[in-house]
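The next block holds one structure in the form of structure tokens; read it before the comments.
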């Protein structure tokens with residue numbers, strides 16, 4: 006997929022996440038997401054940061070919290086507190102056809118952000134949010150091969166395995182084979198262990214053990 010093919014997917018996924026958010030009860034907005042320490046509301050508020058531009062990014066950096074992860078989390082908390090539910094939904098949906106993304110990243114990170122954070126919201130609520138397999142393949146390849154921004158620790162833990170999608174023509178790496186739907190492989194590359202039960206193949210048990218041990222160590 007090239008840039009002109011990716012942006013319509015980003016817009017469609019933003020619309021799908023916004024539509025899901027419109028159906029949530031007050032209680033569901035405050036449930037934990039797949040992001041540790043983030044509620045559904047926090048994740049949704051984070052997605053609205055695509056709309057703040059350079060000035061908003063600069064303001065976030067001026068509130069530096071010692072690491073990029075903590076700074077981003079703090080910005081999400083502030084955004085969640087500052088906006089009402091309707092404003093968050095509108096911000097997630099964004100402006101149709103606008104090609105805006107956060108300062109310092111590309112359209113590929115923007116694609117990954119909406120695909121993964123959409124599942125961060127949907128999965129713990131038991132909601133179905135479709136992830137296009139071809140788009141997930143692009144996002145997973147970027148996650149596993151990027152050098153700047155630095156690769157995620159979770160992506161490094163997938164090294165040494167042959168990852169194979171079961172629903173699109175995609176494979177990556179060398180080693181014992183691990184098979185799963187493309188959306189599940191993207192979630193694992195981004196550290197979401199909720200996708201582990203979807204793994205199969207000769208390397209599935211070994212990779213499950215590695216990722217689970219890594220999660221216990223980080224905790």
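Numbering (this note's numbering), first residue to last: 6 to 224.
For every residue, glycine included, the Cβ atom is placed at its ideal position computed from N, Cα and C.
Here the alpha carbons of residue 98 and residue 79 stand approximately 22 Å from one another.
Within the model, the alpha-carbon separation for residue 22 versus residue 123 is close to 6 Å.
The count of Cβ pairs closer than 8 Å, one atom from the segment 153-162 and one from the segment 171-189, stays below three, leaving the stretches out of contact. C-alpha of residue 43 to C-alpha of residue 208: approximately 31 Å in a straight line. In the DSSP assignment, the residues bridged to residue 44 are 37. A direct Cα-to-Cα measurement between residue 7 and residue 139 gives close to 12 Å. Here the segment 133-151 does not lie against the segment 87-101, with fewer than 3 beta-carbon pairs under 8 Å apart. In terms of CA proximity to residue 129, 41 leads the group 17, 13 and 41.
Assignment of residue 135 by DSSP, reduced to helix, strand and coil, places it in the coil class.
The C-beta of residue 148 has 16 or more other C-beta atoms within 10 Å across all chains shown, which makes the residue buried. Between residue 182 and residue 214, the gap from beta carbon to beta carbon reaches 8 Å or more. Per DSSP, residue 183 is one residue of the beta strand (DSSP E) stretching across 182-185.
Within the segment 157-199, the runs of beta strand (DSSP E) that reach at least 3 residues and sit entirely inside it are, in chain order, 167-170 and 182-185.
With the rule of 3 Cβ pairs closer than 8 Å, the segment 82-94 counts as touching the segment 23-30. Note on residue 9: under 16 other CB atoms within 10 angstroms of its CB, so exposed under the neighbour-count rule.
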